[in-house]
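For reference, the structure is listed below as structure tokens.
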Amino acid sequence: MSSPWNTIAAPETKFLKDIISEELKRNSQRSENQEHSVIPPRAKFGRDIEDEDLAKILQEEVCKPSIMRNDSYESEDNDADIYWDKFDPVLRKFDPIPLYNSQNQPNIHDQKYKNMIYGVDPEAKVILKEMIIEKVFDKVESLISKGKQATILHVYKNQLAHYIVKVFKSSEAQLKAQNERDYLLRLKRAGIPCPKVIIIRKHVLVISLIGQEKPAPCIADVHLNGIHARIAYTLVADYMKTLYNECNLIHANLSEKKILWYRDYCRLIDLSHAVEVYEENALDLLFNDCVNICKFFTQFNIPDSSPEELFNDITG
């Protein structure tokens, strides 16, 4: 039998080096074709990257979002500082300085206010800044009073609208603010002259200013003549009666300091201590109000009735 190699040519002998070289060329050609037809996925930063310039570009792109966020926060802080600059130096005194260190803060809500210099707590300061940003008012004009129950500020908007801001300070500060808002609304519905509620936010209450660009004086600071004194007493007695019978409220802190005299008329303020008529000690508080009012007006040879008679007239 003859050999098949006599009719079929034997394959060309190749060295291993040549085979590997051809395979590398084919792989290289396939890679070039893929690069032209398909966009390769972006390599992760720090891996499979040899080109230093490409690595730098990728690094900039990766860092860009965080840089934008930092710029945004910085801008917000600057805006807040700009708005805070609208506060007069008088309010800058309200930056609270704790007299205790942060590692040993008391849990009692009242205590933190006792340990703050001046009267505006950090949360109230933030609320005031928010109100300026929201154009509720433009500027804090002055401090009116700083009491145990509340700090009272005079603010204005566009030099035209003037308001009073009450920052309550007790452990029930937010409840006190809400109560005063609700009671003022009751008085308005009953026709009793009092401040108008503008806005409330937590323990910060904004109400209209009674007065012309500055708070009107209370009747204790006004030199009432005989006619005006009698008018004032008649008005106050009528307010107390309406307050009891229509609003179901007792002022509970009524005195010559809680009655403003503006345009020859009396206006009631400070309803934060008011109580409902059905509360246990309501009548005792009403009688105390009657005593305070009668005592003040006796210097004008008024009233015609005693505290007992005024009390009976109110309660009917």
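Under the UniProt record's numbering, the residues of the sequence shown are numbered 1 to 316, in order.
Where a beta carbon is used, it is the ideal one built from N, C-alpha and C, also for glycine.
Return the residue from the list the options that minimises the CA-CA distance to residue i.
| i | options | result |
| --- | --- | --- |
| V236 | L143, S171 and F297 | F297 |
| V126 | K202, I192, T242 and N179 | K202 |
| Y265 | K139, Q174 and P217 | P217 |
| S171 | L209, D121 and L254 | D121 |
| G211 | I269, G147 and V136 | I269 |
| H199 | G316, R181 and P215 | Residue 199 is actually Ile in this sequence, not His. When each option's Cα is compared against that of I199, the closest is R181. |
| L153 | Y183, E279, V204 and A252 | V204 |
| L143 | Q174, I192 and K214 | K214 |
| P284 | K295, Y262 and P307 | Before going further, note that residue 284 is Asp rather than Pro in the sequence given. Looking at the Cα atoms, P307 is the closest of the given residues. |
| E279 | Y262, W261, A252 and K295 | A252 |
| A173 | Y183, A124 and I132 | A124 |
Quick one: is residue i buried, meaning 16 or more other Cβ sit within 10 Å of its Cβ, or exposed?
| i | result |
| --- | --- |
| A274 | buried |
| S145 | exposed |
| R267 | buried |
| N179 | buried |
| A232 | buried |
| A150 | buried |
| S272 | buried |
| K148 | exposed |
| K25 | exposed |
| N225 | exposed |
| D51 | Per-residue confidence for D51 stands at a pLDDT of 47, beneath the threshold of 50, marking its modelled position as unreliable; the derived number appears in the next sentence. When all chains shown are included, D51 counts as exposed. |
| I227 | exposed |
| E22 | exposed |
| L160 | exposed |
| D304 | exposed |
| R221 | Correcting the residue type first, residue 221 is Asp in the shown sequence and not Arg. Exposed is the call here. |
| H223 | exposed |
| D110 | Here the model assigns D110 a pLDDT of 49, short of 50, so the residue's position is not dependable, and the following value carries that caveat. D110 comes out exposed. |
| C194 | buried |
| D289 | buried |
Since residue i and residue j should fall inside the 8 Å C-beta cutoff, what is the C-beta to C-beta distance between them, to a whole number of angstroms?
| i | j | result |
| --- | --- | --- |
| K196 | K188 | 7 Å |
| I207 | I259 | Contact doesn't hold; Cβ gap of about 16 Å is too wide. |
| Y244 | L286 | 7 Å |
| I314 | V277 | Not confirmed; about 10 Å, so no contact. |
| C247 | A190 | 5 Å |
| K157 | D138 | 5 Å |
| E256 | I219 | 5 Å |
| residue 321 | F168 | Here the chain covers residues 1 to 316 and nothing more, so residue 321 does not appear. |
| V155 | E141 | 6 Å |
| L254 | N292 | 6 Å |
| L128 | H162 | Not quite, the Cβ-Cβ distance comes to about 16 Å (not below 8 Å), so this is no contact. |
| I192 | T242 | 6 Å |
Which residue or residues does DSSP assign as beta-bridge partners of residue i?
| i | result |
| --- | --- |
| Y262 | Answer is none; Y262 lacks a bridge partner. |
| E276 | L249 |
| V155 | V140 and Y163 |
| A150 | F168 |
| L268 | I259 |
| S145 | I152 |
So, does the CB of residue i fall closer than 8 Å to a CB anywhere in chain D?
| i | result |
| --- | --- |
| K148 | Looking at the structure shown, chain D is missing, and only one protein chain is on hand. |
At 4 residues or longer, and completely inside the region 220-249: list those alpha helix (DSSP H) runs for me, N to C.
226-245
As an exercise, report each continuous beta strand (DSSP E) stretch of at least 3 residues that is fully enclosed by the region 178-221, in chain order.
197-201 and 204-208
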